[in-house]
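Asks: Have a look at this one before I ask anything.
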Amino acid sequence: MAPTSAATEKTVPILSFDATVTIGGATTSILDENGQKAVVNATATSLGVSQNDVTYKGSVITAESRRRLSSGVSLFSTTYQIVTTSGVVVLVTSGSPEDLYAALSTAIETAVSTGQFTTNLQRAAVFFNSPALANANVTSAATSSFSTQNPDSHEDSVLSDGAIAGIVIGGVFILGFVAAVVFLQCRQEKTRTKVAAYS
Numbered sequence: 007m008a009p010t011s012a013a014t015e016k017t018v019p020i021l022s023f024d025a026t027v028t029i030g031g032a033t034t035s036i037l038d039e040n041g042q043k044a045v046v047n048a049t050a051t052s053l054g055v056s057q058n059d060v061t062y063k064g065s066v067i068t069a070e071s072r073r074r075l076s077s078g079v080s081l082f083s084t085t086y087q088i089v090t091t092s093g094v095v096v097l098v099t100s101g102s103p104e105d106l107y108a109a110l111s112t113a114i115e116t117a118v119s120t121g122q123f124t125t126n127l128q129r130a131a132v133f134f135n136s137p138a139l140a141n142a143n144v145t146s147a148a149t150s151s152f153s154t155q156n157p158d159s160h161e162d163s164v165l166s167d168g169a170i171a172g173i174v175i176g177g178v179f180i181l182g183f184v185a186a187v188v189f190l191q192c193r194q195e196k197t198r199t200k201v202a203a204y205s
């Protein structure tokens, strides 16, 4: 008998880490939804990953600066330094998780040092209508340590005890309903036959 080969499913590891970005020159202390979208978009673009792979987690104000707009007039411009944190979750489709993490960490650091992250943020601010970040600049970025998950391909096919119980109860209910309909149909048919026989 010749051996048979079963199709094997390869599980793809999932790499996750946080990206912390320091933004200077923001004109608001709280990022609204559009500002958060701009940060997510700029982070994803700077990392070279899909925007769907990045989620906004939060931000903290680390500094505030006030500047007098003109002499003799009490008009001030206030800007804020905000540190944002975004979660990054990507599939490791080739190479090792360590290599992918190293490449992504390098990409974000390079984007900051070349000014590309600032450009990405300002473009995203315009696109998402977030004027508070339109003139902001990214002064630093860092990544947290990473973690990986290796999803078990068999976990998707395993049903919980509750799901199994629901299927059994539903099946019994359907069988009982079908049996009742058949019984009533047969009984109605016998009644018609008896009425026809007596007529």
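Mapping of the sequence shown onto our numbering: position 150 corresponds to residue 156, and the numbering continues sequentially without gaps. Just so it is clear, CB atoms sit at the ideal spot from N, CA and C, and this is done for glycine as well.
Determine contact between the region 103 to 112 and the region 15 to 35, defined as no fewer than three beta-carbon pairs at a distance below 8 angstroms.
Replies: With a cut-off of 8 angstroms, the region 15 to 35 and the region 103 to 112 count as touching, because enough Cβ pairs lie within range.
Asks: Would you tell me roughly how many angstroms separate the C-alpha atoms of Leu190 and Ala169, rounded to the nearest one?
Replies: As a first step, residue 190 is located in the sequence shown; it is residue number 184 there, counting from the start. As a first step, residue 169 is located in the sequence shown; it is residue number 163 there, counting from the start. Rounded to the nearest angstrom, the two C-alpha atoms are 31 angstroms apart.
Asks: Just the Cα atoms here: how many angstroms apart are Pro19 and Pro103?
Replies: Sequence index remark: in the sequence shown, residue 19 carries index 13 (1-based). Sequence index remark: in the sequence shown, residue 103 carries index 97 (1-based). Their Cα atoms are separated by approximately 8 angstroms.
Asks: Per the DSSP calculation, Ile67 is bridged to which residue(s)?
Replies: Indexing the sequence shown from 1 puts residue 67 at position 61. Answer is Ile88, bridged to Ile67.
Asks: Under the rule that 16 or more other beta-carbon atoms within 10 Å means buried, what is Val94, buried or exposed?
Replies: Within the sequence shown, the letter at position 88 stands for residue 94. Val94 is buried by the Cβ-count criterion.
Asks: Check Phe189 in the structure and name its three-state DSSP category.
Replies: For the purposes of this step, residue 189 is taken as the residue at position 183 of the sequence shown. Correct three-state label for Phe189: helix.
Asks: Short check: CB of Ala142 to CB of Thr120, under 9 angstroms?
Replies: Within the sequence shown, residue 142 is the residue found at index 136, counting from 1. Within the sequence shown, residue 120 is the residue found at index 114, counting from 1. No, the Cβ-Cβ distance between Ala142 and Thr120 is not below 9 angstroms.
Asks: Does the Cβ-Cβ distance between Gln42 and Thr51 come in under 9 angstroms?
Replies: Here residue 42 refers to the residue found at position 36 when the sequence shown is read from its first residue. Here residue 51 refers to the residue found at position 45 when the sequence shown is read from its first residue. Cβ distance not < 9 angstroms, so Gln42 and Thr51 don't count as in contact.
Asks: Considering only DSSP beta bridges, list what Asp24 is partnered with.
Replies: Taking the sequence shown and counting its residues from 1, the one referred to as residue 24 is at position 18. The partner list for Asp24 (beta bridge, DSSP) reads Gly93.
Asks: State the Cα-Cα distance for the pair Ala186 and Lys63, rounded to the nearest angstrom.
Replies: Here residue 186 refers to the residue found at position 180 of the sequence shown. Here residue 63 refers to the residue found at position 57 of the sequence shown. Looking at the two C-alpha atoms, the distance is approximately 55 angstroms.
Asks: Using the beta-carbon count (16 or more within 10 Å), is Val60 buried or exposed?
Replies: For the purposes of this step, residue 60 is identified with residue 54 of the sequence shown, where counting begins at 1. It is buried - the Cβ of Val60 has at least 16 other Cβ atoms within 10 Å.
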